[in-house]
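In my numbering, the protein residues as written are 31 to 788.
For every residue, glycine included, the Cβ atom is placed at its ideal position computed from N, Cα and C.
Below you'll find the structure, written out as structure tokens, and then a few comments.
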């Protein structure tokens, strides 16, 4: 047996090679068996044959041929034989153990039992490259929920709710969730699962002229990941301090003299222990953004730890971050439940909840309320970052992405409302304590002064007589208003690191509650950081920018670069730079990205084609409501929010809260002119990629190289779901301009993947 390859070919010619038509039917039946699961659901895991093997077997350039091997040749070590349509040489090599197992799985014996049919393909040119997959459906859902439910649900939604009409704010919030949040969430999950690439690869597959959308979302994710990890660093610093008793922010520091006497630090005495610890001890804050002053080494160390933990959780891609979400996603809910039980037992909690949910229906007519409701829905779900697209691209092709979008959207909404209940039950307790202290102080003044004046009503500052000789000015009585105290509750970082910590100071076993609270914030933040950074890493991997660099090395490089840049937040003006990034690096660019996502799917790729793809994946077409949202309602809402935001910035200007150390209070400061230059860079570095890629493509220059469409077994899915050709309805003709032949009005034929890639 000098040349086993020649012998196999001669034997195949004698025994007759199985016709190609029969081969196609056999592969279709094999694929159908792989799609069908015992529990009726999709398959997960890197060893899932229905998820991986057909990807290796299917190729545009290669076709495999089944051969009949005589029984006497089965014992030979040569198994791998391939006939390539382009006339390449046959590949002969000894099979590995895994290949033997794969051969056994793909081998069938005819009734005579005299031969074995083998169909094995050789990967090449990247066509058969395997893609990661989730280990289970629960792992995927926990990752998406952990990504979508972030810090904004805990400290931004409660503030917006009480600011914009209490319970009345829920009305515009739920409407925006229905017409903007869930539809765009569904769109991103579906397009990622269908095209099986990161954000850049997905939108380049939709159309080469739309590839800039993915690049823009990757840049937005990069900018947001920079400052988002700063919050995690702050949480780590407070978490470390929570193990001290008493808590370091529970009382003002003292300045001691040589004789043993002391006095309270003046700046802390004018503010409060929690404010002083936040601004002076933690941030070492400067007077404004133009005077950074000294470097904050404490926060720098916490940033190093935060980025190191991020890398450890993401080093192996979803193989590592997917395991971490089993802890980081459920833990915040456990802590929220614990705080809820604690909160409803506190005195004054009913005042907080009453203030939160008492509706002010007059606010409904304020356009700003609708603007903030739409903005909150948009950012709380994590839309347009590319993370959702990256996560869904690791799913089995027949996963029910519609159900995932609805479930995750509702969970996000319920979490925000539940977090608001928890937060305001605790804030009600804090306001109750503050109100009682105010009443005691006022009563004390009345006892000392007003009783001596027979209870006469005397204006503050008016001179009053004591014992008929001495006259003193009437002191100003403190104004005690419970609702005003609740109304002035801080938002954002102030809510978490000042107001909530002050409330925790009043709890028994305060360090225990502090540890729980900051662990919750840490897990909320790290989950969102995974998804945000995954949008960047997946896009770079799919683009093959560094084709010879392993993913864990690439992740390490990106984390190191981000860590170095994020040191801009570790100095006296770092908090002001953080506010600059938080206000401008995500808001406007994300609205632009999401707007063009809807436009690309509806007017470039085509709603009819997109609906056909979804029907093949999940067995049912999206209803008219989602089609209306994708083509008309969602883009209009996002365009309105974007325009209103820009007009509001131009007319009212923009400012930030700076710390006045002399007065011990925060004050409004206007952004300097150079800061507006940074804002322009943050917005344009993301948004300009969208028209830039289209223009360069139009000029014949390919910034993003075209790739072959990912594996999509259209025929197998059609047979599995028994999909019949869809007939255009009258509603589709009138509302969406879909014609009888399937073409669409206002739909640009400028590219996109083929409808079927079998």
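Between the C-alpha atoms of residue 726 and residue 266 there is a straight-line separation of about 45 Å. In the DSSP assignment, residue 601 forms a beta bridge with 325. The Cβ atoms of residue 273 and residue 545 sit closer than 9 Å to each other. Positions of the beta strand (DSSP E) runs, each at least 3 residues long and wholly inside the segment 614–686, cannot be given because no such run exists. Annotated as distal: residue 340 and residue 531, with beta-carbon spacing of 9 Å or more. In terms of Cβ geometry, residue 296 and residue 284 do not form a close pair [threshold 9 Å]. Between residue 270 and residue 571, the alpha-carbon positions lie close to 36 Å from each other.
Between the segment 604–623 and the segment 694–714 there are three or more inter-stretch CB-CB distances shorter than 8 Å, so the stretches are counted as touching. Rounded to whole angstroms, residue 653 and residue 313 show a C-alpha spacing of 51 Å. Scanning its chain for C-beta atoms nearer than 7 Å, with the 5 sequence neighbours on each side dropped, one finds around residue 526 the residues 185 and 551, in chain order. Where residue 735 is concerned, there is no enclosing beta strand (DSSP E), because DSSP gives it neither an H nor an E. Sorting 761, 554 and 203 by C-alpha distance to the C-alpha of residue 362 places 554 at the top. Going by beta carbons, residue 647 and residue 428 fall inside the 9 Å limit.
Counting along the chain, residue 218 sits inside the alpha helix (DSSP H) bounded by residues 212–225.
Bounds of the alpha helix (DSSP H) holding residue 204 are 200–206.
Taking 9 Å as the cut-off, the beta carbon of residue 721 is found closer than this to the beta carbon of residue 242. Under the DSSP assignment, residue 286 falls in the beta strand (DSSP E) whose first and last residues are 284–286. Residue 591 is not a Cβ neighbour of residue 598, given a cutoff of 9 Å. With respect to residue 641, residue 432 sits apart: the two C-beta atoms are not nearer than 9 Å.
By a beta-carbon distance limit of 8 Å, residue 400 does not contact residue 198. Their separation comes to about 12 Å.
A direct Cα-Cα distance of roughly 19 Å separates residue 334 from residue 567. In this structure, DSSP gives residue 281 a state outside helix and strand, which the three-state scheme calls coil. Between residue 245 and residue 719, the gap from beta carbon to beta carbon is short of 9 Å. Membership of residue 517 in the alpha helix (DSSP H) is indicated by the continuous run 512–517. Comparing C-alpha distances from residue 408 to each of 533, 219, 457 and 182 shows the shortest one belongs to 182. In this structure, residue 215 sits near residue 411, with a CB-CB distance shorter than 9 Å. The segment 212–230 makes contact with the segment 659–677: 3 or more CB pairs, one atom from each, lie closer than 8 Å. One thing to note: residue 359 has its Cβ within 9 Å of the Cβ of residue 172.
For residue 406, the enclosing alpha helix (DSSP H) begins and ends at 397–410. CA-to-CA, the gap between residue 174 and residue 510 works out to about 45 Å. No Cβ-Cβ contact shorter than 9 Å links residue 660 with residue 623. In terms of Cα proximity to residue 627, the closest of 240, 700 and 464 is 240.
Here residue 582 carries a helix assignment [DSSP, helix/strand/coil]. Residue 516 sits close to residue 454, with the two beta carbons spaced by under 9 Å. Assignment of beta-bridge partners to residue 688 by DSSP yields 697. When DSSP states are grouped into helix, strand and coil, residue 293 belongs to the strand group.
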